[in-house]
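So the protein lines, in turn, are chains D and W. Offset between the first sequence (1-based) and the working numbering: plus 374. Offset between the second sequence (1-based) and the working numbering: plus 824. All residues carry an ideal CB built from backbone N, CA and C; glycine is no exception. The model shown is predicted, which means the values in this text are computed figures rather than measured ones. A short write-up of the structure that comes next.
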Amino acid sequence: MRYSAFSIVKNALSGNLKWKPQWRQAEPKSHYDVIIVGGGGHGLATAYYLAKEFGIKNVAVLEKGYLGSGNVGRNTTIVRSNYMLPGNEPFYEFSMKLWEGLERELNYNVMLSQRGVIMLYHSDGQRDAYIRRGNAMWMEGVAAELIERDQLRKMIPFLNYDHARYPILGGLLQRRAGTARHDAVAWGYARGADRYGVDIIEHCEVTAIRRENGVVTGVETTRGFIGCNKLALAAAGNTSRVGEMADLKLPIESHVLQAFVTEALKPCIDHVIVYGGGHFYISQSDKGGLVFGAEIDGYTSYAQRGNLATAEHVMEEGVTMIPGLSRVRVLRSWAGVMDMSMDGSPIIDRTPIDNLYLNCGWCYGGFKATPASGYCFAHLIAKNDTHPVARALRLDRFARGYAVDEAGAGPQPNLH
Amino acid sequence: MASLITCPHCGVRPKEEFTIRGDASLVRPAPTASDEAWHDYVYVRANPRGRTLEHWQHVAGCRRFLVVERDTFTHEVHSVTDGAAFATENGR
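Written out as structure tokens, the structure reads:
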């Protein structure tokens, strides 16, 4: 059913007992045109765009847990397109544009809030770097504004402007950026894909990839063998484990990233604020909780839990930027497993196996990329050709010497 | 992650004293090795879910590089060896 004001009134009158489940609990068929491994945001978006834009509807999405149990439900919900490098910025801006139309597209309230993302700078050198980044954004047609200290004080009065080591001198603002409700994104895409006939199969873990004569014929799963013409991997966090089943050599390490939420407060933080002296970022959810996070813990891990030392470090960064945070109580914390690539940028590409496609390496930045990742991956699967905005995000870019390294940290995943 | 790491030189120390360099299972190719061998060394990682070898440096202690064998899922630390001793033992 489509949601509308009328459907809300109608269901209210019947005691809200007649709402239907948003997607079917599909049983696996014996064969599909395309199987997508991973029922997170990217896998579901891929299935949706495959069905809607490219007309491939005989598709299954296999999810080892319940839908949205991975990183799509574990991030800090930030969407933005304020990247610098020409290989990245058009891709993320394509994503931002899809975000802007996503609620209408999916007929689903993903609670997109374009409240603005501001990245603070603390030195003249950092100001220059942000001017450069802002100019790079303008060159790709994306608006960026440099906000100087006096103006920023009026916008965000509660920051620690006069800190001795990291005084806040201003920030780079992207007004169109903001946040979205992460679970709703997964549910919206799942419902949309389901309506086009895509089978979403939860609690179905892939245990092996069956190959004959160098091509994939299907996957062994905890619910039996399922055949396919094309296999698409969108299992970020566990890419290496799934890739190993097909003997892929991947430039990926799995790292753990923590996030935190405080008790609910009255509205106080209007933007997404990013600290420039570290990696700390914070926003306020519609429920009132302050949602924040910072760096990865720094060691490879498949455990969805982090370390207290990193938690302490994150809190210290937060209190340095907003001293008032010290009086707020943290409600809970959680962690997700990140696919850290060797240059901090993602991979959407074919693999040495003809009918096996790869979507991975999202590092911290997977959530904002969800719509474009799905669209470009679907384009790749359907047409066997890279989407124009994803041309720089190839698997062989390391061998060719075309790494897309925003941080300039080199092949050291725990530094991206 | 285990909170305490047993450094072969300094004894039991909090893990915050250490920094992590990365995968220690890789063997540096010869300078004249092929581009592919160097690519694999620099960019490709096994990234196991389970036991792994890592180079850690005890920066707030002896400053030696160590090889830590630990589990990437349970975070249990199995062994800590001095980097030079590890290299000798493994013929590197």
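Backbone CA spacing between residue i and residue j [nearest angstrom]
i	j	result
D:Ala-781	W:Glu-913	37 Å
D:Gly-412	D:Lys-438	7 Å
D:Ala-582	D:Leu-441	21 Å
W:Met-825	D:Ala-683	10 Å
W:Phe-910	W:Asn-871	20 Å
W:Thr-876	D:Gly-544	43 Å
D:Arg-489	D:Tyr-738	20 Å
D:Val-559	D:Thr-725	28 Å
D:Val-616	W:Phe-889	32 Å
D:Ser-487	D:Glu-479	16 Å
D:Gly-698	D:Met-493	19 Å
D:Val-446	D:Ile-452	11 Å
D:Tyr-563	D:Tyr-466	19 Å
D:Met-712	D:Ser-747	16 Å
D:Leu-792	D:Glu-637	The structure shown does not extend to residue 792 of chain D, since chain D spans only 375 to 790, so no value can be given for it.
D:Ala-685	D:Ala-503	28 Å
D:Trp-473	W:Arg-869	33 Å
D:Ala-419	D:Ile-574	12 Å
D:Asn-385	D:Ala-783	54 Å
D:Glu-594	W:Thr-856	42 Å
Contact set between residue i and chain D, taken where Cβ atoms lie within less than 7 Å
i	result
W:Arg-873	Arg-615, Tyr-676
W:Thr-876	Thr-674
Residue i: contacting residues in chain D (beta-carbon distance under 8 Å)
i	result
W:Ile-844	Gly-672, Tyr-673, Asn-788
W:Val-868	Lys-623, Leu-624, Pro-625
W:His-899	Ser-675, Ala-677
Collapsed DSSP secondary structure at residue i in the structure displayed
i	result
D:Ile-755	helix
D:Glu-514	coil
D:Gln-786	coil
W:Gln-881	strand
D:Ala-609	coil
D:Asp-498	helix
D:Leu-639	coil
D:Pro-762	helix
D:Glu-586	strand
D:Val-616	helix
D:Leu-476	helix
D:Pro-625	coil
D:Arg-523	helix
W:Glu-893	strand
D:Met-716	coil
D:Pro-464	helix
D:Arg-555	coil
D:Arg-774	helix
D:Trp-708	strand
W:Pro-855	coil
W:Ala-770	Because chain W in this structure spans residues 825 to 916, residue 770 of chain W falls outside the shown range and cannot be described.
9 Å Cβ cut-off: residues of chain W touching residue i
i	result
D:Ala-683	Met-825, Ser-827, Pro-838, Lys-839, Glu-840
D:Met-320	Beyond the ends of chain D as shown, which are 375 and 790, falls residue 320 of chain D; an answer cannot be given.
CA nearest to the CA of residue i, picked from the options
i	options	result
D:Gln-678	D:Asp-660, D:His-687, D:Gly-611	D:Gly-611
D:His-645	D:Ala-551, D:Thr-674, D:Val-616, D:Gly-667	D:Ala-551
W:Pro-853	W:Arg-845, W:Trp-862, W:Gly-846	W:Trp-862
D:His-653	D:Val-589, D:Gly-710, D:His-790	D:His-790
W:Lys-839	W:Ala-884, W:Ala-908, W:Val-851, W:His-902	W:Ala-884
D:Gly-651	D:Ala-425, D:Ala-386, D:His-496	D:His-496
D:Asp-557	D:Glu-427, D:Ile-721, D:Ser-443	D:Ser-443
D:Gly-598	D:Asn-385, D:Glu-401, D:Ile-626, D:Lys-384	D:Glu-401
D:Met-716	D:Asp-759, D:Tyr-540, D:Leu-767	D:Leu-767
D:Ser-700	D:Trp-708, D:Met-689, D:Ala-709	D:Met-689
D:Gly-601	D:Tyr-406, D:Tyr-655, D:Phe-380	D:Tyr-406
D:Ala-620	D:Lys-640, D:Arg-376, D:Thr-591, D:His-753	D:Thr-591
D:Asp-779	D:Gly-461, D:Gln-399, D:Leu-387	D:Gly-461
Partners in chain W for residue i, counting only beta-carbon separations shorter than 7 Å
i	result
D:Phe-772	His-863, Tyr-867
D:Pro-720	The premise fails here: D:Pro-720 is roughly 15 Å from chain W at the closest Cβ pair, so nothing lies under 7 Å.
D:Pro-641	The contacting residues do not exist; D:Pro-641 stays about 36 Å from chain W at best.
9 Å Cβ cut-off: residues of chain D touching residue i
i	result
W:Thr-905	In chain order: nothing, as chain D lies at least about 17 Å away.
W:Thr-830	Neighbours of W:Thr-830 on chain D: none; closest Cβ ~17 Å, over 9 Å.
Neighbour list for residue i in chain W, Cβ cutoff strictly below 8 Å
i	result
D:Ser-628	Asn-871, Arg-873, Thr-896
D:Pro-785	Val-866, Tyr-867
Next item on the list: Identify each residue in the region 724 to 740 of chain D for which the Cβ-Cβ distance to at least one residue of chain W is less than 9 Å, and report them in chain order.
Entry: The residues in question: there are none.
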